[in-house]
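*Asks:* Questions regarding the structure given below will be posed in turn.
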Amino acid sequence: MYKMIVSDLDESLLRDDGSVSPRDIATIHKLRDEGVKFVPNTGRGFASVQPLLATIGTKDLAGQYVISYNGGAIVENKDNRIIVQHTLPLAVADQIYRLAMAEGDLCAHIYTFHHVYVANINEPERDYLENRGVDYIEFDGQDLSQFKDRNIAKVIFQHLDFGVRRRFYEKVEATVKAPLTVTYSSNRYVEFNPDAIDKGKAAIALGEQIGISKDEIIALGDNSNDLSMLQQVGLGVAVANGIPAVKHAAGLVLDATNNDDPVTELYEKVFKQD
């Protein structure tokens, strides 16, 4: 029997307008009442998903959790207690950031464990962040020296052209010698996390903390940064709008897109008793 669902947010749980459908909210409440934990597993910071947790009914509850920064932090919702955190060395983050600023057309996001800082923002990205309800602080700097006293969880860079993102990744790979975990997400980001950090390892680590085996975990996702969790847990589930690699890795591909009550379909196919 499955005891925990870890779910990506953007383009998976969340509809295109950034909301969760009323049916899926009711289903998540039903799952909780049946003893199944519903854990957002997201690239976002845990501070930015508090309104979502309120919506799904797990905000500030003991024994309920969020996985943030693509696995960089595991947080218990009660008092936002950080159970596990991994940091990207400042020198590495700074080197990647400088390379991005030299490109001129990349929007940079610097994630500390409590805030998101955005540099070189463009209008499509401003609209996207506002649609998703992401609180951020704009800053203007050619380096990350202002972060010397703060822990950095990850750095990500936005451009709507995948070719641009891919070329930047290749530039970082050729220049930065430190090992990194690199993923693409939301058809707009290339993300740089500390080495050996991913959503799958974090889901399993959380399960070990609370007595749930990997075979008792379901993962729901749509994009390449979700592959690790779909491949490592008991059942990987892809939404219908998932990229081909995610659908190939999944044990179950839903008929529902992120706009069509995916959690409800998952519940009906996996949990509902005839």
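What the sequence shown shows, in our numbering, is residues 26 to 299, in sequence order.
Don't be surprised by glycine CBs; every beta carbon is placed ideally from N, CA and C.
What is the DSSP secondary structure of S44, counted as helix, strand or coil?
*Replies:* coil
*Asks:* List the DSSP bridge partners of N218.
*Replies:* T206.
*Asks:* Give the DSSP-derived three-state secondary structure of T80 in the structure shown.
*Replies:* helix
*Asks:* Just the C-alpha distance for V215 and L77, rounded to the nearest angstrom, thanks.
*Replies:* 24 Å
*Asks:* I'd like to check one pair, A275 with A265: are the Cβ atoms closer than 7 Å?
*Replies:* no
*Asks:* Please name the residue in D42, D49, D41 and L34 whose C-alpha comes closest to that of Y292.
*Replies:* Each of D42, D49, D41 and L34 was checked against the Cα of Y292, and the nearest Cα belongs to D49.
*Asks:* With three or more beta-carbon pairs closer than 8 Å as the criterion, would you say the region 198-215 touches the region 171-178?
*Replies:* no
*Asks:* Grab the span of the alpha helix (DSSP H) containing P269 for me, first residue to last.
*Replies:* P269 to A274
*Asks:* Roughly how many angstroms lie between the CA atoms of T112 and G97, to the nearest whole one?
*Replies:* 7 Å
*Asks:* So, for D299: in the same chain, excluding its five sequence neighbours on each side, which residues have a beta-carbon less than 7 Å away from its beta-carbon?
*Replies:* Interpretation of D299 is limited by its pLDDT of 42, a score under 50 that renders its predicted location unreliable; no figure is taken from the coordinates.
*Asks:* One question on the structure: do N102 and G68 come within less than 7 Å of each other, judged by their Cβ atoms?
*Replies:* no
*Asks:* Pop quiz: F63 and I92 are said to be a contact at Cβ under 8 Å. What is the actual Cβ separation, rounded to whole angstroms?
*Replies:* About 12 Å; that fails the 8 Å criterion.
*Asks:* Out of L34, K196, R151 and G259, which has the shortest C-alpha to C-alpha gap to E163?
*Replies:* R151
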